[in-house]
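Numbered by the numbering used here, the letters in the sequence shown go through residues 6 to 196 in order.
To start, the structure under review is shown below, and the notes come after it.
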Amino acid sequence: MIRLELSGEHTRLHSTLCAQCPQGPAGCCVSPPELDWTDIGRIVSLGGRGWLLEQIAAGNLLPVSRGLELRRVRKREERAAPRRSKCVYHGPRGCTVPAERRAATCNYFLCEDAFAERADGRADPASAASRQAHALLREVYGRWDRELAAAVTGLPEGPPWDAPFLDWLGAEFERLSSAARGELAPLAPPG
Ligand code: SF4
Ligand code: SF4
6 MIRLELSGEH TRLHSTLCAQ CPQGPAGCCV SPPELDWTDI GRIVSLGGRG WLLEQIAAGN
66 LLPVSRGLEL RRVRKREERA APRRSKCVYH GPRGCTVPAE RRAATCNYFL CEDAFAERAD
126 GRADPASAAS RQAHALLREV YGRWDRELAA AVTGLPEGPP WDAPFLDWLG AEFERLSSAA
186 RGELAPLAPP G
């Protein structure tokens, strides 16, 4: 079953299949997405600038050309299981960081198995709306990131990874998301 949690650009998709993921106990967190420029701006705009600086200093978020890479760790999911590489933030009961500190993809991505899951042989009524939400978020976030990547590439010394740079990304995220209010109207929270 899929649950669509409408919240504009912060919309989340949940699937009951993730608790018994066919890929294994860590699910798709074995391949964490990078925090791209838009994700970093989103986290800052939601109050996470200090957290980002701490995590960069701790080596859990690693500056790369497209933003920040999430460190991978090798752990066993069970005593007898082989060690597998996965996201540093994945714990025994799933993700250990709140949705406000994740890549947007972590919040809206579902695999084809999750979209295709059937309950009692019937298609999930939430599936079609969830696919549309997923496609809209991919399109919007991809476009925003291309725009921010072009601006970051133009910085003469490269990204400084300090508080003013993060604040600039946060302000850019807010500018882009507010300009897209109309486009994001189908994802507005109910009420
Ligand atoms: S989205 Fe798919 S691959 Fe990822 S945890 Fe859920 S069921 Fe597993
Ligand atoms: S941040 Fe959380 S949801 Fe995203 S890959 Fe890491 S553990 Fe998974």
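Using N, Cα and C, we set each Cβ at its ideal position, and we do this for glycine too.
Values in this document were obtained by computation on a predicted structure and should not be read as measured data.
Enclosing alpha helix (DSSP H) for residue i [first to last residue]
i: H139; result: S132 to T158
i: V49; result: W42 to S50
i: L174; result: A168 to A184
i: L22; result: Here L22 belongs to no alpha helix (DSSP H), and DSSP marks it neither H nor E.
Residue nearest to residue i in terms of C-alpha spacing, selected from the options
i: P30; options: L73, H15, R84 and L141; result: R84
i: L1; options: T43, M6 and H19; result: There is no way to answer for residue 1, as the model of the chain reaches only from 6 to 196.
i: L192; options: I7, R8 and E14; result: E14
i: Q60; options: L174, L40, A128 and S50; result: L40
i: P37; options: D118, L66 and L160; result: L66
i: P169; options: A185, M6, I45 and H19; result: I45
i: E152; options: G55, Q137, L181 and E105; result: L181
i: I7; options: A184, H139, R143 and A131; result: A131
i: G175; options: G32, C23, C33 and G52; result: G52
i: E105; options: E10, V49 and C33; result: V49
i: G32; options: D118, P165 and E177; result: D118
i: R143; options: P68, C26 and Y113; result: Y113
i: D167; options: L11, L9, L58 and H19; result: L58
i: L11; options: A109, A138 and F178; result: A138
i: C26; options: L73, P164, P68 and E122; result: E122
i: A185; options: W149, V157, A154 and A155; result: W149
i: G72; options: C100, A108, G55 and S90; result: A108
Unbroken beta strand (DSSP E) run spanning residue i, endpoints
i: H89; result: In the sequence as presented, His is not what sits at residue 89; that position holds Arg. From DSSP, the beta strand (DSSP E) with R89 extends over R89 to C92.
i: R8; result: I7 to E10
Paired residues, beta bridge with residue i - DSSP
i: L67; result: E74
i: A197; result: No answer is possible for residue 197: it lies beyond the span of the chain, which begins at 6 and ends at 196.
i: R79; result: S90
Exercise for the section: Check each residue's C-beta against every heavy atom of ligand 2 and list, in chain order, those closer than 5 Å. Expected result: C34, P37, C92, Y94, H95, C100, R107 and C111
Handout entry: Quiz: which residues have CB nearer than 6 Å to ligand 1 non-hydrogen atoms
Key = S20, L22, C23, C26, Q28, G32, C33, L115, C116, D118 and A119
Handout entry: Segments assigned beta strand (DSSP E), at least 3 residues, entirely inside the segment 88 to 122
Key = 89 to 92
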